[in-house]
Structure formats: C-alpha cells, structure tokens
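Residue numbers (the numbering used here), protein chains in the order written: chain H, 1 to 112; chain R, 1001 to 1109. Data block below; observations after.
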Amino acid sequence: SQTIHQWPATLVQPVGSPLSLECTVEGTSNPNLYWYRQAAGRGLQLLFYSVGIGQISSEVPQNLSASRPQDRQFILSSKKLLLSDSGFYLCAWSAGLNQPQHFGDGTRLSIL
Amino acid sequence: AQRVTQPEKLLSVFKGAPVELKCNYSYSGSPELFWYVQYSRQRLQLLLRHISRESIKGFTADLNKGETSFHLKKPFAQEEDSAMYYCALINFGNEKLTFGTGTRLTIIP
C-alpha cells in the first residue's frame, strides 16, 4: 500500500535561517506531489505542485521554493526564513488526474 | 478562477441531531468535488467524493449544479463526528485542488 512520510513534525527556526522540509511517498510511481500551507482561518493554500521529476509549478509568490530530485521525493526549501513563513505545512500525493489527494502528518514551523 | 466557500467556521450540533455542512463553489467547467476531514491528532483524509456517490460514516453529499453547492449531510450526528471538515474542488486542467476554509464541527453530547 502507499504511504507518505513528512518530516520533521515540528521545527523552530530563527529568522534568516534556511529551511528544508522533506516528503517522500512509497508504494507508487510517478505520483503528483503537492505542498500546502494551512493557516488558521484561511484553510489550505496550495504552494507548489509537481507532476514529474524536475517539474515544479508555483502557485503563489513567496519566500519558498520546491524541488523534486527523485520521483517520490518532494522538498520545500527557503534560503532565508521570514516571520511570515510560520505555519503548518502539508505534503500530499495523488495518483494523477481526478484522483483524491493523500496527506502527510504535516510540519509545524515556528519562526523566532 | 475556481473558488470554494464554506460559510460556517464553527458548527455545534447535539448528538442525534441532523448535520449539514455547507459548501458552495464557483467553477467554469464540470466540477469534481470532495469532502476531506481531519479528526483530532490525525491526518487530513478523504471523506467522500461526489463522483462515487457513496455514503461514508453515514455522511452523504449531493452535487447541486443549479445552486453550485455540495453540502455534506448526516441524519444523526455522533460524537466521533467532531472534526474539521474541508470542501474541495479539483481543476481538471491542472489537477489543482482548491480547498475551502473549513468548518469545525463539534458534536455536543
């Protein structure tokens, strides 16, 4: 069966430090991969999605970037974190078009 | 542009009473709609999708294209239904899922 792993579960970082959140999927090949931010009162905001290795689409301009170095690996990064980057980040995968998305446990990121 | 609206941030219902979580959407094409649920300390997970026309945990949702709605309903609420519920719509063109802001449902014993 397919599983999705996301880590770390929580992260506290100082302003200006770099960021790397990792997400991996097992049990499937060529999944669509997604990064979301969940903010209180704003629901889930799609940040990036990828339909294949090296293919990244950005939904909103921001201080973050995403990469997909391997088929089942999706990384969310930043060179210099801002206070506004605090939030709850969710990774998800789907088998493709018209398929439900399956979410990881999320990472709670706090910027000090 | 597609949009999903959940007008109620919070909803409290007594155990055994009917539940209706509202969801309205705007989308120029033919929509595919989902309800996701997040129970306390658990992952966000798919509850149901309109194309399946299933009843999951006693919940149903009917797509009403005339009213552009996809309300989630259950005739008799149970305590374990307390959770955060998100309505979502998929854009077939780019496979993006647009979520509503969510409704926190609390079942009062």
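Glycine included, each C-beta is placed from N, C-alpha and C at the ideal position.
Chain-ordered chain R contacts of L64 of chain H [CB-CB under 9 Å]: Within 9 Å Cβ-Cβ: nothing; L64 of chain H doesn't reach chain R, min ~17 Å.
Exposed unless 16 or more other CB atoms sit within 10 angstroms - verdict on S94 of chain H: buried
Given that a residue counts as buried once 16 or more other Cβ atoms are within 10 Å of its Cβ, and exposed if not, what is T3 of chain H? exposed
Check whether the stretch 1062 to 1071 of chain R and the stretch 11 to 23 of chain H are in contact - that is, three or more C-beta pairs closer than 8 Å. no
Verify the CB distance criterion: does Y49 of chain H have a CB-CB separation below 8 Å to chain R? yes
Using only CA atoms, which one of H:L83, H:T107, H:F74, H:L21 lies nearest to I53 of chain H? H:F74
Using Cβ-Cβ distances below 9 Å, what residues of the stretch 70 to 99 of chain H are close to chain R? L90, A92, S94, G96, L97, N98, Q99
Given this structure, state the Cα-to-Cα distance separating I1108 of chain R from Q13 of chain H, to the nearest angstrom. If you take the alpha carbons of I1108 of chain R and Q13 of chain H, they lie about 39 Å apart.
If I measure Cβ to Cβ from V1013 of chain R and keep anything under 8 Å in the same chain, skipping five residues before and after, which residues do I get? V1019, A1077, L1105, T1106, I1107, I1108
Excluding the 5 residues flanking L1044 of chain R on each side, which residues of the same chain have their C-beta closer than 6 Å to its C-beta? Y1036, Q1038
May I ask which residues mark the beginning and end of the beta strand (DSSP E) holding R1003 of chain R? 1003 to 1005
Three-pair Cβ contact test at 8 Å for the stretch 95 to 107 of chain H versus the stretch 19 to 37 of chain H: The stretch 95 to 107 of chain H, when compared against the stretch 19 to 37 of chain H, does touch it at the 8 Å Cβ threshold.
For chain R, find out if any of its Cβ atoms is closer than 8 Å to the Cβ of G43 of chain H; answer yes or no. yes
Please report how far the alpha carbon of Q49 of chain H lies from the alpha carbon of S86 of chain H, in whole angstroms. The question names Gln, yet the displayed sequence has Tyr at residue 49 of chain H. Taking the straight line from one Cα to the other gives about 20 Å.
Hey, is L109 of chain H's beta-carbon within less than 8 Å of any beta-carbon in chain R? No - not a single Cβ of chain R is within 8 Å of the one on L109 of chain H.
Taking the alpha carbon of G1016 of chain R as the reference point, which residue from R:S1028, R:P1075, R:R1049 has its own alpha carbon closest? R:P1075
Quick check: is the beta carbon of L19 of chain H nearer than 8 Å to any beta carbon in chain R? With respect to chain R, the C-beta atom of L19 of chain H has no partner C-beta closer than 8 Å.
Limits of the unbroken beta strand (DSSP E) element including K1074 of chain R: 1072 to 1074
Cα-Cα, which of H:R72, H:R42, H:L82 is closest to V25 of chain H? H:R72
Sorted by chain position, which residues of the same chain lie with C-beta nearer than 6 Å to E103 of chain H's C-beta, five sequence neighbours on each side aside? In the sequence as displayed, the identity of residue 103 of chain H is Phe instead of Glu. Around F103 of chain H: L90, A92.
Step through the CB atoms of chain H and report whether any lies within less than 8 Å of the CB of T1005 of chain R. no
On the criterion of 16 or more Cβ atoms from any shown chain inside 10 Å, does L1048 of chain R qualify as buried, or is it exposed? buried
Measure the alpha-carbon distance for T1060 of chain R versus L112 of chain H and round it to whole angstroms. Straight-line spacing of the CA atoms in T1060 of chain R and L112 of chain H works out to 43 Å.
Quick one: which chain H residues come within Cβ less than 7 Å of L1046 of chain R? P100
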